[in-house]
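J.:
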Amino acid sequence: VLLGPSTLLGRSVGQLEPPDHAGAMPRKTARKASPSPDSSASESTNASGRGSPASSAAASGEALLTIVPQDKCDPNLWYIHGKSYDLHEFVHKHPGGQLAILSGRGRDCTALFESYHPWNDRHRKVLKAFGPEAPAPDPFYEEIKAKVREAYPSGNKETKMRLRTIFVLSSMWCLMMYLMFFVQTPLACAAAGCIMATAGTRLAHEGGHYQLSHNEWVNRLALFLGYFPTGPSMAWHYRHVISHHAHTNQEEDVDVQYIWMADMLPGWFKVLSIPVVAAGALFEIGPKQLLDLLVLRHIGGHRVDWRIGQLVPEIAVWLFVHLYFGPPLLSYVCFWFAAGLIFVPCSQVAHAILFPDAQQHKSWAKMQIAESCDFASDSNFWYHMAFGLTTQIEHHLFPGIGHHCYDRIRLLTREVCQKHGVQHFDVSAKKAFGALWSRWVLGHTVPLA
Numbered sequence: 018v019l020l021g022p023s024t025l026l027g028r029s030v031g032q033l034e035p036p037d038h039a040g041a042m043p044r045k046t047a048r049k050a051s052p053s054p055d056s057s058a059s060e061s062t063n064a065s066g067r068g069s070p071a072s073s074a075a076a077s078g079e080a081l082l083t084i085v086p087q088d089k090c091d092p093n094l095w096y097i098h099g100k101s102y103d104l105h106e107f108v109h110k111h112p113g114g115q116l117a118i119l120s121g122r123g124r125d126c127t128a129l130f131e132s133y134h135p136w137n138d139r140h141r142k143v144l145k146a147f148g149p150e151a152p153a154p155d156p157f158y159e160e161i162k163a164k165v166r167e168a169y170p171s172g173n174k175e176t177k178m179r180l181r182t183i184f185v186l187s188s189m190w191c192l193m194m195y196l197m198f199f200v201q202t203p204l205a206c207a208a209a210g211c212i213m214a215t216a217g218t219r220l221a222h223e224g225g226h227y228q229l230s231h232n233e234w235v236n237r238l239a240l241f242l243g244y245f246p247t248g249p250s251m252a253w254h255y256r257h258v259i260s261h262h263a264h265t266n267q268e269e270d271v272d273v274q275y276i277w278m279a280d281m282l283p284g285w286f287k288v289l290s291i292p293v294v295a296a297g298a299l300f301e302i303g304p305k306q307l308l309d310l311l312v313l314r315h316i317g318g319h320r321v322d323w324r325i326g327q328l329v330p331e332i333a334v335w336l337f338v339h340l341y342f343g344p345p346l347l348s349y350v351c352f353w354f355a356a357g358l359i360f361v362p363c364s365q366v367a368h369a370i371l372f373p374d375a376q377q378h379k380s381w382a383k384m385q386i387a388e389s390c391d392f393a394s395d396s397n398f399w400y401h402m403a404f405g406l407t408t409q410i411e412h413h414l415f416p417g418i419g420h421h422c423y424d425r426i427r428l429l430t431r432e433v434c435q436k437h438g439v440q441h442f443d444v445s446a447k448k449a450f451g452a453l454w455s456r457w458v459l460g461h462t463v464p465l466a
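Remember, the numbering used here sits 17 above the position in the sequence shown when you count from 1.
1) For the alpha helix (DSSP H) holding TRP277, just list the boundary residues, first then last.
2) Ignore the nearest five residues each way along the sequence and tell me which others in VAL273's own chain have a CB closer than 7 Å to its CB.
3) Any idea which residues DSSP pairs TYR102 with across the strands?
4) Contact between the segment 199-217 and the segment 162-177: three or more CB pairs below 8 Å?
5) In terms of DSSP beta bridges, what is HIS319 paired with?
6) Just verifying my parser: in three-state terms, what is the DSSP assignment at PHE404?
7) Give the straight-line distance between the Cα atoms of GLU411 and MET281, rounded to the nearest whole angstrom.
8) Would you kindly work out how many angstroms separate the C-alpha atoms of LEU289 and LEU358, rounded to a whole number?
9) Decide if SER171 is buried, meaning its Cβ has at least 16 other Cβ atoms within 10 Å, or exposed.
10) What residues in its chain sit with their C-beta under 6 Å from that of TRP353, if we drop five residues either side in the sequence?
11) Spatial neighbours of LEU192 within its chain, please: C-beta separation below 7 Å, excluding the five flanking residues on both sides.
12) Where does the unbroken alpha helix (DSSP H) through ASN236 begin, and where does it stop?
13) Quick one: grab the DSSP three-state call for VAL444.
14) Run the CB neighbour count on ASN236, radius 10 Å, all protein chains shown included, and call it buried at 16 or more, exposed below.
15) How do the segment 387-395 and the segment 433-449 stand: do at least 3 beta-carbon pairs fall below 8 Å, yes or no?
16) Which residues bound the alpha helix (DSSP H) around TRP136?
17) Do you know how far the Cα of HIS420 is from the Cα of GLY405?
18) Taking Cβ to Cβ, would you say PHE107 is nearer than 9 Å to ILE97?
19) In chain order, what residues of the same chain have a beta carbon less than 7 Å from the beta carbon of HIS461, not counting five sequence neighbours either side?
20) Taking the alpha-carbon of VAL350 as reference, which of ALA209, ARG179, GLN115 has the nearest alpha-carbon?
21) If you draw a straight line from the C-alpha of ALA263 to the C-alpha of LEU240, how long is it?
22) Verify whether the separation of the beta carbon atoms of LEU180 and PHE147 is less than 9 Å.
23) Select from ASP138, LYS287, PRO246, HIS319 the residue whose C-alpha is nearest the C-alpha of VAL458.
24) Over what stretch of residues does the alpha helix (DSSP H) that includes GLU150 continue unbroken?
25) Taking the alpha helix (DSSP H) that GLU301 falls in, what are its first and last residues?
26) On the DSSP bridge assignment, give the partners of ASP125 in chain order.
27) From the DSSP secondary-structure annotation, give me the bridge partner or partners of ASP391.
28) Taking the C-alpha atoms as reference points, what is the distance between LEU144 and ARG320?
29) Does DSSP put VAL463 in a helix, a strand or coil?
30) Would you please state the rounded distance, in angstroms, between the beta carbons of GLY303 and GLY248? I believe it to be under 8 Å.
31) Please state the DSSP three-state secondary structure of TYR195.
32) So, is SER132 buried or exposed, given that buried needs 16 or more other C-beta atoms within 10 angstroms?
33) Would you call the segment 85-97 and the segment 125-142 touching, i.e. three or more CB-CB distances under 8 Å?
34) Does the Cβ-Cβ distance between PHE245 and MET194 come in under 9 Å?
35) Where do the ends of the alpha helix (DSSP H) carrying MET213 lie?
36) Look at the alpha carbon of TYR187 and the alpha carbon of PHE450, and state the distance between them as a whole number of angstroms.
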């Protein structure tokens, strides 16, 4: 089913989802925005695959992105564009639900503020009622948003996940749970791992980005159920939504925290360790997160708030089901191994092949484009294998928009990038996975052109 016709899982070339990001996100570490003159084409050129900086931000006099460090944030305030706000009175009125707005409490949430409100500027007007007015939106980002709004005049009404997609993913989830918790053999759990890496991941991922429904409980349920075989879903929420999406390939991104260690190892050792990495990665984002959530109370340096997302009850349910009804340890290992073989390369290929770089960024939107890569964007096979994420650039710009809309948004984004000389990668699967292999074995990036 997952590899069948694209219409089964709701992919449509004829629909877009409008973005909702406006201004540039602050950054703690200096990175330089360096548009490349001929960057719009699918296979952008550059010796490193990145584009050479034209001039430094300091020389141009433009401010770099900065974020308020986590240790400087009051746990009861929201930090947006360097200013603090007390939004407690607005929490129950927030159209996107309480989890969405409370996820930004106690941290710099500029990226969340800008990226989840693509259809209008009402969020900026609301913010003004609780403190300093937000700075003017990023013109580059606004230009892309305007095109997406034009393509989807009904906004969220036409860009949520389609019902048939929800039905197919839910059916696959039921099969996965049956194989893992009822059959329980190593082979059955390996098959469940393959489903987890594709259908389960997509259900959790899109639920975590509020893509399924206007109802908060529907999205929360999809996140909880989709991630359940792997670990407590709030771990994914902190890792992916709060850390990775807001700070892609930056020091605050939990996904790159181990790369420096891997780069120190010899290539032959890394090749032999692939089976361990596959299973270990799933253990890392699953059971190991219990330590981060309950004991350390932070994930990748991002504070964990026990008050939101029904975190403690969820962990209790997860532990009870897995301890009393879960398969034998060998079957868990088979599950982690099979899921990891698919999940790790397909989730990292669009970002790891660009890490690290020597650029600074003055625009959060340009940072997302520079640190992401579209690959095999015309392939239905890779669309389903990579759980709908072959258009990572567009997904990072508009995380709240359904995956089936990214095909058209990709063309709009590329058009704006070409106009402004911003590099936009769209490469073949062979080139992308070849670059990932080289990045893993050799420890450095290779040209994408």
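Heads up, the beta-carbon is just placed ideally off N, CA and C, and yes, glycines get one too.
T.: Put simply:
1) Its alpha helix (DSSP H) spans residues 276-280.
2) Hits under 7 Å: ASN266, PHE372.
3) TYR102 is bridged to TRP95.
4) The segment 162-177 and the segment 199-217 do not touch, with fewer than three beta-carbon pairs separated by less than 8 Å.
5) Its beta-bridge partners are ILE316.
6) For PHE404, the three-state secondary structure derived from DSSP is coil.
7) Cα to Cα, the separation comes out at about 32 Å.
8) In this structure, the straight-line span from the alpha carbon of LEU289 to that of LEU358 is close to 14 Å.
9) Burial call: exposed.
10) Closer than 6 Å at Cβ, skipping near neighbours: ALA296, LEU299, PHE300.
11) Cβ neighbours of LEU192 beyond the five flanking positions: ILE212.
12) If you look at ASN236, you'll find it in the alpha helix (DSSP H) that goes 233-244.
13) If DSSP states are grouped into helix, strand and coil, VAL444 belongs with the strands.
14) It is buried - the Cβ of ASN236 has at least 16 other Cβ atoms within 10 Å.
15) Contact between the segment 387-395 and the segment 433-449 is present, because at least three Cβ pairs lie under 8 Å.
16) In the DSSP assignment, TRP136 falls outside any alpha helix (DSSP H), carrying neither H nor E.
17) When rounded, the distance between both Cα atoms is 6 Å.
18) No.
19) In its own chain, leaving out the 5 sequence neighbours on each side, no residue places its CB closer than 7 Å to the CB of HIS461.
20) Nearest C-alpha to VAL350: ALA209.
21) When rounded, the distance between both Cα atoms is 19 Å.
22) Taking 9 Å as the Cβ cut-off, LEU180 and PHE147 do not qualify as a contacting pair.
23) The residue with the shortest Cα to Cα distance from VAL458 is LYS287.
24) Annotation for GLU150: no alpha helix (DSSP H) segment contains it, and DSSP assigns it neither H nor E.
25) Counted as a single uninterrupted DSSP element, the alpha helix (DSSP H) harbouring GLU301 occupies residues 291-302.
26) Looking at the DSSP assignment, ASP125 forms a beta bridge with TYR96.
27) In the DSSP output, where bridge partners are listed per residue, ASP391 has THR408, ASP443.
28) The C-alpha of LEU144 lies about 23 Å from the C-alpha of ARG320.
29) Note: VAL463 maps to coil in three-state DSSP.
30) Right, the Cβ-Cβ distance comes to about 3 Å (below 8 Å), so this counts as a contact.
31) Under the three-state reduction of DSSP output, TYR195 falls in the helix class.
32) Burial call: buried.
33) At 8 Å Cβ cutoff, the stretches touch.
34) Yes. Within cutoff.
35) Per DSSP, MET213 belongs to no alpha helix (DSSP H) and is neither H nor E.
36) For clarity, residue 187 is Ser in the given sequence; the question names Tyr instead. The alpha-carbon atoms of SER187 and PHE450 are separated by roughly 29 Å.
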